[in-house]
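Everything in the sequence shown is counted per our numbering, starting at 53 for the first residue and increasing by one.
Here is the structure we will look at, set down as structure tokens.
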Amino acid sequence: MPLPPYRIKVVEPIPFLGPEERAAALHAAGYNPFNLRADQITVDLLSDSGTGATSAAQEAAAALGDESYAGARSWFRFRDELAELTGYPHLLPVHQGRAGERILFGALLRPGQICVSNTHFDTTHANVELAGAEPRDLPCPEALDLDSPDPFKGNIDLTALAELLSGPEGGRVGLVLMTITNNGLGAQPVSMANLEAAHALCREHGVPFFLDAARFAENAWLVREREPGYHDWTPRAIARQAFDLADGCVISLKKDGLSNIGGCLGLRDDDLYARCEANLIATEGFSTYGGLSGRDLERLAVGLREVVEPAYLAARAAATARLAQLINDAGVDTVQPAGIHALYLNAGRLLPHLTPAEFPGHSLGCRLFLDGGIRCAELGSLYLGTMDERHRLVTPAPFELVRLAIPRRVYGQEHLDHVAETLAAIAKDPERVSGYRIVSTPPMLRHFKVRLEPI
Ligand code: F0G
């Protein structure tokens, strides 16, 4: 195991509730982990977004943050770092990724247009729709085989993309957006060959080609490990090659910015930049802070350097791969091969006694909390299925998954072992996991506020 290239200097206590306290907490939360209080959770794997630990160097830089309204020193430090990393001539800060999506799509997409992606993240999907356009996912066919060991299951389906661009709907495609890594489909990476081919198709058809680069460093690491020809490259050089191929990017810097908040837009086109900047100033903040404090910008400038360090990426990738191995050895299948920021448990296969209408992924997530104080996110029929007006499932999701997202630099091997051990105990007697039914749901974004009860 590669050693993490850091040691711990500041720690935060984590709570340990007893089984009855956890049962009461989950009941009070309407059996929705989003409604739990964080101080009821022992190992929180709900998200890898904004949940990472900052370094001493980041905090030292933050102490020098310049909070001037316009033209702060911290902005120039952030901008220069990002410009060197990405090569984009125009950069705009935003408070987090989805603000960048809203601004970019508002400026780039017209109502009725299609935005094509390997897979849109959920907020990205929502922001395309809010711009009046249609999000369309074209994942590669290998992605739909959860067990396939194919190294680049994050790729876009190039045949389908070529057909769409040259077919009757081709004129409606306003943007192709590649999500690296593909968070919606198992944290799988996108190969450089796939990016190059998608870029070439977009160039041929005059369609803008952008990256949703929330996990640009982790994608680069997986390219280095898995794609022939890249083994001697630095992760930074691979990431740069990806940015070079695109007309721009939107990045949630809450992931590979190694910070708790932040995002950015990178653009080449002067006109598009001017339109995005005007919207940014009206809705996020002046274009030298975009909703972020000078201290945030400083942390990000340092985080963007730390995240591409090979020793950091090697240790993080190995920790996730080790957890996957432990889980698989215990008889629980995960989407193959393991990515870096998260593992996706195949709850449907582990719990065949539960129908999709009983929400096996949700049931497994609740059991992980009840037995081990672990919080995670369902990615199955509760999140993606369609329901009738009485909240009964009409169309199930294609898979019943549970995402274990791994915050950066936060948990040690013992914490991850605890997750594997809790799952192993569940896998010994899966029939003990019972299903759930919906009690009430909000009109939109069901999974965040839905309330359920055990069957
Ligand atoms: N794009 C991707 C691929 C993401 O994973 C996320 C967020 C966003 C955009 C939006 O960024 O949260 O800064 O507004 N993903 C988090 C997650 C929330 O848990 O996967 P944001």
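Note that beta-carbon positions come from the ideal geometry of N, C-alpha and C, so glycine has one too.
Worksheet item: Taking just the CA atoms, how far does F295 sit from P260?
Response: Between P260 and F295, the C-alpha separation is close to 13 Å.
Fill in: DSSP three-state assignment for M439, whether helix, strand or coil
In the structure shown, the three-state DSSP call for M439 is strand.
Discussion item. Quick check on the DSSP output: the beta strand (DSSP E) that includes T493 runs from which residue to which?
Written reply: Here T493 belongs to no beta strand (DSSP E), and DSSP marks it neither H nor E.
Fill in: Nearest-angstrom beta carbon gap, C167 and L227 [assumed within contact, 8 Å]
Indeed, because the Cβ distance is near 5 Å, the residues count as touching under 8 Å.
Practice prompt. Kindly provide the ranges of any alpha helix (DSSP H) runs that are 4 or more residues long and lie completely inside the region 128-212, ordered along the chain.
Written response: Fully enclosed alpha helix (DSSP H) runs of 4 or longer: 149-160, 174-182.
Practice prompt. Taking R503 as part of the beta strand (DSSP E), name the residues at either end of that continuous run.
Written response: Note, R503: beta strand (DSSP E), 503-506.
Item to complete: Report the rounded CA-to-CA distance for A429 versus R288, giving the unit in angstroms.
Response: Distance between the alpha carbons of A429 and R288: 30 Å.
Worksheet item: Under the three-state reduction of DSSP, which class applies to F262: helix, strand or coil?
Response: Here DSSP, grouped into helix, strand and coil, assigns F262 to strand.
Practice prompt. Have a look at I458 and A105 and give me their C-alpha separation to the nearest angstrom.
Written response: Taking the straight line from one Cα to the other gives about 12 Å.
Worksheet item: Relative to ligand 1, is the shortest distance from any of its heavy atoms to the C-beta of A265 smaller than 6 Å?
Response: Not under cutoff, so the answer is no.
Practice prompt. With DSSP collapsed to three states, give me the class of N312.
Written response: Secondary structure at N312: coil, using DSSP grouped into helix, strand and coil.
Worksheet item: G149: beta carbon under 6 Å from a heavy atom of ligand 1?
Response: At a cut-off of 6 Å, the beta-carbon of G149 counts as near ligand 1: some heavy atom of the ligand is closer than that.
Worksheet item: Since R455 contacts L431 with CB under 8 Å, what's their CB separation in whole angstroms?
Response: About 5 Å separates the Cβ atoms of R455 and L431, confirming a contact at the 8 Å cut-off.
Discussion item. If I follow the unbroken beta strand (DSSP E) through Q302, where does it start and stop?
Written reply: Residue 302 is actually Val in this sequence, not Gln. Element bounds for V302: 300-304.
Discussion item. I need the straight-line Cα distance from G369 to R460, nearest angstrom please.
Written reply: Before going further, note that residue 369 is Ala rather than Gly in the sequence given. Roughly 11 Å separates the two Cα atoms.
Discussion item. If I follow the unbroken alpha helix (DSSP H) through R455, where does it start and stop?
Written reply: Careful: R455 lies outside any alpha helix (DSSP H), inside the beta strand (DSSP E) at 453-457.
Practice prompt. For the beta strand (DSSP E) containing N398, list its first residue and its last residue.
Written response: 394-398 is the extent of the beta strand (DSSP E) around N398.
Discussion item. Only counting the same chain, and skipping five residues up and downstream in sequence, which positions put a Cβ closer than 6 Å to that of H142?
Written reply: Result list for H142: L319, Y325, in chain order.
Fill in: Any chain C beta carbon closer than 7 Å to R374
You won't find chain C in this structure, because it holds only one protein chain.
Practice prompt. My understanding is that I426 touches L420, with C-beta atoms under 8 Å, so please give their C-beta distance in whole angstroms.
Written response: About 4 Å separates the two Cβ atoms, so the contact holds.
Worksheet item: With respect to 6 Å, is the separation between the Cβ of T372 and the closest non-hydrogen atom of ligand 1 below this value?
Response: T372 has its Cβ no nearer than 6 Å to any heavy atom of ligand 1.
Worksheet item: Do T335 and ligand 1 come close, with the Cβ less than 6 Å from some heavy atom?
Response: When distances are taken from the beta-carbon of T335 to the heavy atoms of ligand 1, even the shortest one reaches 6 Å or more.
Discussion item. On the CB-based measure, 16 or more other CB atoms within 10 Å of its CB, does Y83 come out buried or exposed?
Written reply: Answer is buried; the Cβ neighbour count reaches 16.
Discussion item. Quick check: does the Cβ of N170 come within less than 6 Å of any heavy atom belonging to ligand 1?
Written reply: For ligand 1, not one heavy atom lies less than 6 Å from the Cβ of N170.
Item to complete: Pair every Cβ in the region 385-401 with every Cβ in the region 266-274, then say whether three or more of these pairs are closer than 8 Å.
Response: The region 385-401, when compared against the region 266-274, does touch it at the 8 Å Cβ threshold.
Worksheet item: How many whole angstroms separate the CB atoms of F262 and A214, which I take to be in contact at a CB cut-off of 8 Å?
Response: Between A214 and F262 the Cβ distance is about 18 Å, and since that is not below 8 Å, they are no contact.
Item to complete: Assign F173 to buried or exposed, taking buried as 16 or more other Cβ atoms, counted over all protein chains shown, within 10 Å of its Cβ.
Response: F173 should be labelled buried.
Practice prompt. Please classify R401: does DSSP put it in a helix, a strand, or coil?
Written response: In the three-state scheme derived from DSSP, where H, G and I count as helix and E and B as strand, R401 is classed as helix.
Worksheet item: Going by alpha carbons, who is nearest to G281 out of D202, S243, K306, F157?
Response: Of the listed residues, the one whose Cα sits closest to G281 is S243.
Worksheet entry | Sequence-distant residues of the same chain with beta carbon closer than 6 Å to E194, five excluded per side | Contacts found: S200, D202, K205.
Worksheet item: Would you call F86 buried or exposed, if buried means 16 or more other Cβ atoms sit within 10 Å of its Cβ?
Response: Flag for F86 reads exposed.
Discussion item. Is T175 a contact residue of ligand 1, with contact defined as CB to any heavy atom under 6 Å?
Written reply: Checking the Cβ of T175 against ligand 1 gives yes.
Discussion item. Quick check on L317: buried or exposed, where buried means 16 or more other Cβ atoms within 10 Å of its Cβ?
Written reply: By the Cβ neighbour-count rule, L317 is buried, with 16 or more other Cβ atoms within 10 Å of its own.
Worksheet item: Rounded to a whole number of angstroms, what is the C-alpha to C-alpha distance between P494 and K501?
Response: So the alpha carbons of these two residues sit roughly 6 Å apart.
Practice prompt. Would you decide whether Y364 is buried or exposed? Buried here means 16 or more other CB atoms lie within 10 Å of its CB.
Written response: Per the 10 Å Cβ criterion, buried.
Worksheet item: Would you say T103 touches ligand 1, meaning its beta carbon is less than 6 Å from a heavy atom?
Response: Answer for T103: no, Cβ out of range of ligand 1.
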